[in-house]
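Here the structure comes first, spelled out in structure tokens, and everything after it is commentary.
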């Protein structure tokens, strides 16, 4: 029987999404299991294999799975391991995830990388970057991740951990502390968390009126809603966020001369407020030879499928 | 007869160095011609071909030249053209350099790239980066150039112009104007020109004693000599220069996770004063996972041969 299906798994801190995907990028079956109820990896892998076998049976796909792709925090493509992932209860040490899962799945090959790299492969295989050989994917979620594609291949670097653009320096002096321990990282400003932090800081530092003042615990979604209502402070927060991101994108363009920057993730949904300041800062800060030449595009994948598709795309390369 | 020789040409603003190189990286014959006495490219190419034929005859290498590699400012690997090179009298418009030279040399294939990329290929083929598949070459000359190698290949990007790390932003606010028109570029601080500029600025801004005060027109070499004499301001200038470079290297590591950073060029000869501040800033600013793991090395190529070797190495890939 032809092996023309793959499985994609997106391992998150709370839940893991799994799906069976065909060559056209249709998710033909999917399920979700909890990630955070396990203290060690073995019972999680056992439960994961059970869930996969369930959807394989459901899709009548026995013997048709060519490979399994996994996107996971701190996933290393070279070693197939998850290493020191702070958000995974069982991931604090080095976990041989790909090997363990393959063993549980009767030897179906497993390929693993971090979530942002998986998103980049997904975008190249099924999404907005189809046909592109040089682009940079920036995921604007709780944090800022990145997947860099050069010559049609994801950049893994010497050790498998390349593409940490969220931790390049956006604010050199007196920058905010980032979750990684450094100060001034892009992630501390241009993630969903960063936007909420900007709002809280600005509210504290001024007495400018804003509908955000009435809220108890501000999220980036609140800032988005306020911006839609025309709230001046919320609009300025997006301008500030877009400018910082655009300035750093100029640096990234000078590194790898991509055809496009692809934005993805929860915060990218605020594109109506982000696009203009990003483009303005990016083009003002990049060398003239790239000015107004590098495209800024948004992921075209259906959000609910994107994580699974991204991970599954890895499996086609197996 | 076996074709086991290549030619390397380093096109500079004033002179162009040419040499015949064997597979072990020995320059078996070489010559230099002027670049700046021509207003159009055709007579320059004619003179260049004549010079090459002369050294080919001298080395008894007729019929043994496998290819010609050229390193030139704003050289584009994809198109073989030199585009808008401000330092080349005949290079202001687009010049089909590789095609023209190949025609003059009886169809010997010609490969062309910018000088920093050529240096990176040279370092990988004959020098300090031999055997490395992931490294970043930074050339600290009059300006700051870069050649990025990922998976054993030079990064050319979507358009052939990737690797302009000298024009990434080192000082975001009130940064110095750079020759490219932008402000705060790495090149404006960490090139030979940048070091001289720091000296002039600091002398003007303070009345701290320094032997540099007695000089009429300060160069980076003067600053180096003064530092060797123990001059405090000169030593602080190198500390400042090294710190700025180290801070940016941290960003670059987070992009492509290289095994090593390779420094090359006139200013790199001041390594006794630069190494410590570079490493300190690089390791303080990079994510913990790369701290004290990425090597900082200096080109091991003989300076007089390096430009020819770098360009010639391109030709082996033809």
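Protein chains in written order, with my numbering: chain A, 11 to 328; chain B, 11 to 328. Don't be surprised by glycine CBs; every beta carbon is placed ideally from N, CA and C.
Where residue i meets chain A, residues with beta-carbon distance less than 8 angstroms
i	result
residue 177/B	264, 297
residue 190/B	297, 298
residue 235/B	Correct list: empty, because the minimum Cβ distance to chain A is about 31 angstroms.
residue 261/B	178, 179, 261
Whole-angstrom C-beta distance between residue j and residue i, which should lie under 8 angstroms
i	j	result
residue 160/B	residue 165/A	6 angstroms
residue 321/B	residue 169/A	No, residue 321/B and residue 169/A are not in contact; Cβ-Cβ is about 31 angstroms, not under 8 angstroms.
residue 151/A	residue 324/A	Not quite, the Cβ-Cβ distance comes to about 19 angstroms (not below 8 angstroms), so this is no contact.
residue 307/B	residue 272/B	5 angstroms
residue 106/B	residue 90/B	7 angstroms
residue 33/B	residue 14/B	6 angstroms
residue 230/B	residue 205/B	4 angstroms
residue 190/B	residue 297/A	6 angstroms
residue 8/B	residue 316/B	There is simply no residue 8/B to check, as chain B begins at 11 and stops at 328 in what is shown.
Neighbour-count burial assignment, residue i, 16 or more Cβ in a 10 Å radius
i	result
residue 114/B	buried
residue 187/B	exposed
residue 346/A	As shown, chain A starts at 11 and ends at 328. That puts residue 346/A outside it, with no answer to give.
residue 102/A	exposed
residue 219/A	exposed
residue 234/A	buried
residue 85/B	buried
residue 40/B	buried
residue 36/A	exposed
residue 18/B	buried
residue 239/B	exposed
residue 136/A	buried
residue 133/A	buried
residue 124/A	buried
residue 192/B	buried
residue 60/A	exposed
residue 280/A	buried
residue 70/B	exposed
Close beta carbons around residue i, own chain, < 8 angstroms, minus the five adjacent residues each side
i	result
residue 312/B	none
residue 24/B	44, 45, 46
residue 254/A	180, 181, 196, 199, 200, 291
residue 211/A	none
residue 72/B	66
residue 305/A	269, 270, 271
residue 58/B	19, 26, 28, 43, 111, 114
residue 88/A	166, 169, 170
Under 7 angstroms from the C-beta of residue i: neighbouring residues of chain B
i	result
residue 165/A	160, 266
residue 144/A	167, 168
residue 174/A	264, 297
Neighbourhood of residue i by C-beta, 7 angstroms cutoff - its chain only, sequence neighbours within 5 removed
i	result
residue 194/B	179, 180, 181, 182, 185, 186
residue 162/B	143
residue 258/A	178, 180, 196
residue 126/A	147, 149, 155, 156, 157, 173
residue 100/B	48, 49, 50, 51, 54
residue 209/B	222, 228, 233, 247
residue 94/A	84, 102
residue 22/B	45
residue 301/B	293
residue 118/B	75, 77, 78, 112
residue 243/A	212, 218, 220, 222
residue 310/A	137, 138
residue 275/B	149, 150, 151
Same chain only: Cβ atoms within 6 angstroms of residue i, ignoring 5 sequence neighbours per side
i	result
residue 252/B	284, 287, 288
residue 292/B	256, 259, 260
residue 29/B	18, 37, 40, 318
residue 328/A	77, 119, 121
residue 241/A	220, 221
Per-residue contacts from residue i into chain A (C-beta, under 7 angstroms)
i	result
residue 171/B	267, 299
residue 140/B	Here the premise fails: no neighbours, minimum Cβ distance about 15 angstroms.
Interface partners of residue i on chain B, CB under 9 angstroms
i	result
residue 102/A	Simply none; closest approach about 14 angstroms.
Where residue i meets chain B, residues with beta-carbon distance less than 8 angstroms
i	result
residue 257/A	179, 182
Heavy atom of the ligand FAD within 8 angstroms of residue i beta-carbon
i	result
residue 223/A	In terms of ligand content, the structure shown is empty, and the ligand FAD therefore cannot be addressed.
Could I get the ranges of all uninterrupted beta strand (DSSP E) runs contained in the segment 254 to 307 of chain B, with 3 residues as the minimum, in chain order?
-> Secondary structure within the segment 254 to 307 of chain B: the beta strand (DSSP E) runs of 3 or more consecutive residues, fully enclosed, are 270 to 274 (chain order).
Every unbroken alpha helix (DSSP H) inside the segment 171 to 215 of chain B [4 residues or more] | 197 to 200, 202 to 215
Only counting runs of 3 or more residues, tell me where the beta strand (DSSP E) segments fall wholly within the segment 43 to 96 of chain A, in order along the chain.
-> 75 to 81
What are the start and end residues of each continuous beta strand (DSSP E) run of 3 or more residues lying completely inside the segment 118 to 169 of chain B, in chain order?
-> 120 to 123, 145 to 150, 154 to 160
Which parts of the segment 15 to 44 of chain A are runs of the beta strand (DSSP E), unbroken and 3 residues or longer, counting only runs that do not cross its ends?
-> 15 to 21, 25 to 32, 37 to 44
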